[in-house]
Structures are given as structure tokens and as C-alpha cells.
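Numbering-wise, the sequence shown is residues 0 to 154 according to numbering that gives the first Met the number 0. Notes follow the structure.
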Amino acid sequence: MAEALSGMGLLPESGSCHLIEEDLNSVFVWLDRVNTSGYHSMLITRLPPRRLLGIVDLNTVETLWLTERESPNAISPSLERLASKLRDRIEEKSGIVIIDGLEHLISQHGFPAVLTFLRAMIDDFSASGWRLLIPVEPKAFKGTELSRLRRESPV
């Protein structure tokens, strides 16, 4: 992650969106650095809260667990619910949102629907003081999918 974000300073430019092709642990290390600098952050992840203990400071990061289970701080992997939650969040303050679980969303809704969702979120974020980071595992994508994602959100 240090390589991916080093050219952007501690925090990417407001209104930007970036695909991060590095392991999730690197993202969490970077997120810890961001939080100790006083930035607001939101993490949407497939990892349940108990797995985040000791990895992410749950007192300083707003976390949402991407799941169908009924649980505190859980959010359904519905693209409409995610979009609504993100739009509500970026109306206030500024900060950073990390969406971990893009591959899961694609398995649920298909690549075209998730790409449309991302395009809408990128447009919304571009007019805000927020930044959007999307960590992905490049090997999880088929054919031209990764190239299309890279075109929408620079690495």
C-alpha cells in the first residue's frame, strides 16, 4: 500500500477514487496511520467485527459489516442500500471510505451492475470532500473486468 498511496501523501485528494491492488493488511496499516492523523474514516468490509479486533481500531473507524446477517453495524450487500448509506455519509464532513468486498458484490449482482454502482459513487464522491478507496485482489477478476475498473478508478 505504501507504493500505491505514497505519491498521494497521507491522504488522496478530496473527491478522488482509487483502486488498491494490495493485500488488505496493508490497507489496514495505512488506515491506522490516517486515523491517528485525525481524519474521519468509514470501512465497509466482508470481515465480521470480531475479526477486525486488533487489526483496526474500532473506536476510531466507522465500520459496516457487509453481510445478510442481522447484526449491529451490518449492512446488506444491496447496491441500493450501500449507495444510500454512502450518499448520506458524504453529505457531512470529509474523510475516507474504504469498500472491501467488491468481489463479493460482483458475485451477488454481476460485474455490469457493480460497475454502474461504482460509476455513480465516483460521480458522487467527486463533488464531495471524501475519498473512496477500493482494495481488490486482481486475480479474482475475469478478462477485461480489472482493466475496466482501473479505467474508472486509477490505481
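Cβ atoms here follow ideal geometry from the backbone N, Cα and C, with glycine treated the same way.
Item: Proximity winner among Leu78, Asn24 and Thr66, relative to Leu52 (alpha-carbon distances); Value: Asn24
Item: Run of the alpha helix (DSSP H) containing Ile121, from where it starts to where it stops; Value: Phe110 to Ser125
Item: Residue nearest to Arg150 in terms of C-alpha spacing, selected from Glu12, Ile19 and Ser13; Value: Ile19
Item: Cα-Cα separation between Arg147 and Asp87, rounded to whole angstroms; Value: 27 Å
Item: Start and end residues, beta strand (DSSP E) containing Ser40; Value: His39 to Thr44
Item: Residues that DSSP places opposite Val33 in a beta bridge; Value: DSSP output for Val33 lists no bridge partner at all.
Item: Close-in-space but distant-in-sequence residues of the same chain around Gln107 (CB under 7 Å, 5 per side omitted); Value: Pro76
Item: Supposed close pair Leu63, Ile43 - CB separation, criterion 8 Å; Value: 5 Å
Item: Nearest to Gly14 (by Cα), restricted to the options Thr115, Gly109, His103 and Val96; Value: Val96
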